[in-house]
Structures are given as structure tokens and as C-alpha cells.
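Please read the structure below before turning to the comments.
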Amino acid sequence: AAALNASIHSKQKTELHKVLYHFNLGKPEEQVVDITNIAVDATETTPAHVLHFADRPRKQLASQKSHISSFETLFKNIQDYSIYFLSTDGIITSWNKGAERIKGYSASDAIGKNFSMFYPEEDKKGGLPQKLLSQARETGKATHEGWRVRKDGSKFWGSVLITAIHDASDDVIGFTKVTRDLTERKKAEDDFAKYTAEVERKNAELESINNELKAFAYVSSHDLQEPLRKIQTFSDKILEKEFDHLSTQGQDYFLRMKNAARRMQALIEDLLTYAQTNITERKLERVDLNELIKEVKTDLKEMVESKNALIETEGLGELNVIPFQFKQLMQNLLSNAIKFSKPGEQPVINVSSENGKGKDFRLPELDTDTDYVRIEVRDNGIGFDPEYSNKIFELFQRLHGKHEYPGTGIGLSICKRIVENHDGIIRSESKPGGGAAFQIYLPELN
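Per this note's numbering, the sequence shown starts with residue 976, numbered consecutively.
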């Protein structure tokens, strides 16, 4: 039997084969078959290689023809990839179903044409098709991603691998071209890039706002408060030494002025607190909520005693918070509960907490599988109409007259900001005359 010469350089599950064969006629028992088996790697990792069979006796022809037929069928029927062969000058010599599906051309439309027909005009003018062939000829392969043109004129984003085919003498005898339609991936990448750019723009806006808040905080703590302190200082001197010399109407005007200065001081301090809740660095610490409530009760001692308020706690434990902010949060909620108590009735305030999964609390804003701690502050005060349950957290919102219930209308806005700084949410529920409850949901951090 004649000798079999073969050279196999790579073998992958994704290889596609184009088999060229030639018969030398002679005596049946001495017939020579020349078969070239071209392997195309669709994984874009290795170049195509040639498996060359020479001098195979005729009696092995049947099995080899079966082998050839299997690979030709595989090549023609693959639909996820456009796969075709090119001559050395870029003329299409074969066509598969994937190429027809992706590019819209039938085999009769494409075979015999130059593959540059699939490139946009600007790429053809720039010589891109020829550059890719030259690169594949010199280095073994060329890769590229870009827009390609279908038969109907529409465009798709193609990922292309052009691989040089060599014969047994290592001469280039053509190319394989594998194209994959990645339009959906390209669209997703473009959408993500737009989203990223929008996020960066928003972050820049937030940084600008934070810088403005810092400037405001500085002005509030220095430039605004300094003249106000002088007004209060001199009004105290007048009250002490000159008040009795004023007429009755003058005394009334003076007291109104002094009260206005006091309200302005409270407003500036609340605005400063509101501004600082967003610009303070987030440093979480493990805090015992029982101890924190004790500190707040001490700070509110005069207010608690004047109303004979009862503050109860239940099930409080430790949690990770920004200590001074969370103390401000609880102080605002407790002082509100005392302030809006029913006339002639002892204020009773209950502070409780419980842990659970987001799904346990049945709130759409919570992630179902995340662990949360819910802190509730409930009172027996005058309450409010439930239609205002969201509005009360807006800046400068008041549900009662400032003479009846003094305040700046900023306290609950500060509460909302502090909770959001902890990646949590705050909700309220109430009804007129039925007290109010505020629930805070914070993700548990290990």
C-alpha cells in the first residue's frame, strides 16, 4: 500500500473542515487519491491548518468520502456563524447557511463576488478589507469588529476572524472568514456606556451640590450667625436694663423682635444640620441603641419633664450607624412626639426594634433576601391625616401653625436624609387624634 503522509497542528471541538480532493487515474489497485482537509477554528484562537493525504490507495476511498461528506454537511448547516472561503484575492468561493442568515445573501448572490461587498463605503474607501487580508497573509490571521452591511442595506455589528489557509508547501492558497453577529452585545455595551456617562454626570452634579452645601454650611456657621448673635446679645442687654423704660407697645415690638431672632437662630441651626447630613463622611460604628436613647433622653430632659413624658424601650440592640447622625435622628423623632402630644394628656412614646428579612416586612422598597432591622417610634399624640404621610418629610413642610406648635419644618427632612445616608427608608403612619408611628428600615451590616 502507498504511504500516508499527514500533519495535524490543532484539533478542537469547534473545528470546521473544507475538504478538497483530486483523483489520479491509473490501474484500480494503484489509483492515487490526493485529499486536502482544511480545518477552520471558529473559536478565533488558532489559525486554520491543512491535513494533507497523499498516495492513499483506492480501497480506502469509501471511508474517506464518508468523512468528507460529514464535514461538508457540518460546514454548510452551521447557522450561528457566517463561514465562507475566499480566494487569495478575496473572491468568495463558498457559502454556508449562517452566512445567508446573517448577511441576507444566498450562495448564488455571494459566490464569485469580492468580500468587500459587506463593508460600509467608508471602510472600503479606507482599504480595510485589503488590510485584513494582508494581515492574515503575513501573520496567519486577522481579527476585527465593526459595522457590516446586509443585502437589504441594514447594518449589523460583526466580529470577524480571517484565517490564512496554507498548502503542504506552506504557501497561502486562500482564506477562511468567520463572522458572528454581535449587534445585541454592541447595543448592550452602548447602552451601558450611555448609562455610565449619565451616572458620571449625575455624580458630577452631586459633587457640585455638595460643594455648594459645604459653602452654605460655612456661611451659616460663620457669616449668618455672627450678626444674629449680636442682635441677641444687644436685645438681652435692652431686656435687662432698658425694657421697663419702653412703652407698652414698644415692649410688644421688642419681644416680637427677640422671638423672631430666636426663630432665625433655630432655622439656621436646622439648615446647617440638614446640609451637614449629606457632606459628612460615612463612618459606621457599632452602637448600642439602648445607650443612645438614654443620651437623647438626657439631652431632652427639660422637655420631657415639662410634659411629664414617658419614653419606653423594647427589644433594642446594637446596630451599625453613624453615631452622631443617628442620635440626631432619634432626638428629632422623640422631640416631635413630645411636642405634638395631646393637651392635658401624658405623652407616652415607645421605641422598639425587630430584625427580619425584607420579605418579612412586606414592603416593595426592601430587597426580599436582605436582613433588616426595623426601628419604630410610636406615640399617643395628636396624629395627622394619613394623606400627608409622605409630604411631612419634605423641606419646610408644616401641618400646624408655628404659634401653636413652634418649629422650622426641617426636622423630619433631616430624619429622612439621615436614614438615606444609612441606605435605609423611613415611613410614617397616623390618623388625626390617634397618635403617630415612624418606622425606620436599615440593612443589617455584618
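Glycine residues also receive a C-beta, built at the ideal position from the N, C-alpha and C atoms.
These numbers come from a predicted model, not from an experiment.
According to DSSP, residue pairing for Ile-1140 in a beta bridge involves Gly-1149. Contact between Tyr-1056 and Gly-1073 holds: their C-beta atoms lie close to 5 Å from each other, under 8 Å. Taking the Cα of Gly-1079 as reference, the smallest distance to any Cα among Asp-1127, Phe-1060, Asp-1098 and Trp-1070 is reached at Asp-1127. Residue burial is scored here from C-beta neighbours: Ser-1081 has fewer than 16 other C-beta atoms within 10 angstroms and is therefore classed as exposed. For Lys-1282 against Ser-1316, the beta-carbon gap comes to about 6 Å, under 8 Å, which counts as contact. Take Gln-1321, set aside five residues on each side of it, and the residues of its chain with a beta-carbon closer than 6 Å to its own are Asn-1283, in chain order. For Glu-1217, there is no enclosing alpha helix (DSSP H), since its DSSP letter is neither H nor E. Counting along the chain, the unbroken alpha helix (DSSP H) around Arg-1112 starts and ends at 1103-1114. Remark: C-beta atoms of Leu-1157 and Ile-1137 do not approach each other more closely than 8 Å. Between the alpha carbons of Ile-1184 and Asp-1335 lies a distance of about 37 Å. Approximately 12 Å separates the beta-carbon atoms of Phe-1218 and Phe-1209; this is outside 8 Å, ruling out the contact. Residue environment analysis places Ala-1163 among the exposed positions, since fewer than 16 neighbouring C-beta atoms fall within 10 angstroms of its C-beta. As the crow flies, the alpha-carbon of Lys-1272 is around 58 Å from that of Arg-1160. The distance from the Cβ of Ser-1134 to that of Thr-1114 is about 18 Å, inconsistent with a contact at the 8 Å cut-off. Between Val-1296 and Val-1326, the gap from beta carbon to beta carbon reaches 8 Å or more. For Ile-1357, the closest of Asp-1346, Thr-1288, Met-1239 and Ile-1324 by C-alpha to C-alpha distance is Ile-1324. Gly-1410 is the residue among Tyr-1170, Asn-1071 and Gly-1410 whose C-alpha sits nearest the C-alpha of Pro-1318. Assignment of alpha helix (DSSP H) within the stretch 1056-1097, counting only whole runs of 4 or more residues, yields 1072-1078 and 1082-1085 in chain order.
Looking at the DSSP output, Gln-1300 shares a beta bridge with no other residue. Burial check for Lys-1391: the Cβ neighbour count within 10 Å reaches 16 or more, so the residue is buried. Excluding five sequence positions before and after Asp-1344, the CB atoms of its chain that fall closer than 8 Å to its own CB belong to Lys-1332, Gly-1333 and Lys-1334, given in chain order.
Contact check for Leu-1103 against Leu-1259 fails: the beta carbons are separated by 8 Å or more. Listed in chain order, the alpha helix (DSSP H) elements of length 4 or more contained wholly in the stretch 1337-1417 are 1386-1396. Contact check between the stretch 1390-1405 and the stretch 1287-1304: three or more CB pairs, one atom from each, fall below 8 Å, which counts as touching. Annotation: Asp-1166 to Glu-1175 spans about 14 Å, alpha carbon to alpha carbon. In this structure Asp-1360 is in contact with Pro-1407, their Cβ atoms being roughly 6 Å apart against a cut-off of 8 Å.
Taking each of Gly-1290, Arg-1257, Glu-1201 and Glu-1120 in turn and checking the Cα distance to Leu-1264, the smallest one comes out for Gly-1290. By the neighbour-count criterion, in which a residue is buried when 16 or more other Cβ atoms sit within 10 angstroms of its Cβ, Gly-1225 is exposed. The alpha-carbon separation between Met-1232 and Lys-1177 amounts to approximately 43 Å. A straight line joining the alpha-carbon of Gly-1149 with that of Val-1124 spans about 23 Å. Looking from the CA of His-1397, the closest CA among Gly-1386, Ile-1385, Tyr-1416 and Ser-1403 belongs to Tyr-1416. The three-state reading of DSSP puts Ser-1328 in strand, counting E and B together. A check of alpha carbon separations from Asp-1145 across Gly-1121, Arg-1112, Thr-1118 and Trp-1132 identifies Arg-1112 as the nearest.
Sorting Ile-1243, Lys-1169, Ala-1412 and Ser-1364 by C-alpha distance to the C-alpha of Ile-1385 places Ile-1243 at the top. Apart from the 5 residues on each side of it in sequence, Ile-1400 sits with its Cβ closer than 8 Å to the Cβ of Leu-1338, Glu-1340, Leu-1341, Val-1394, Ile-1415 and Tyr-1416 in its chain, given in chain order.
By DSSP's assignment, Leu-1294 forms a beta bridge with Val-1262.
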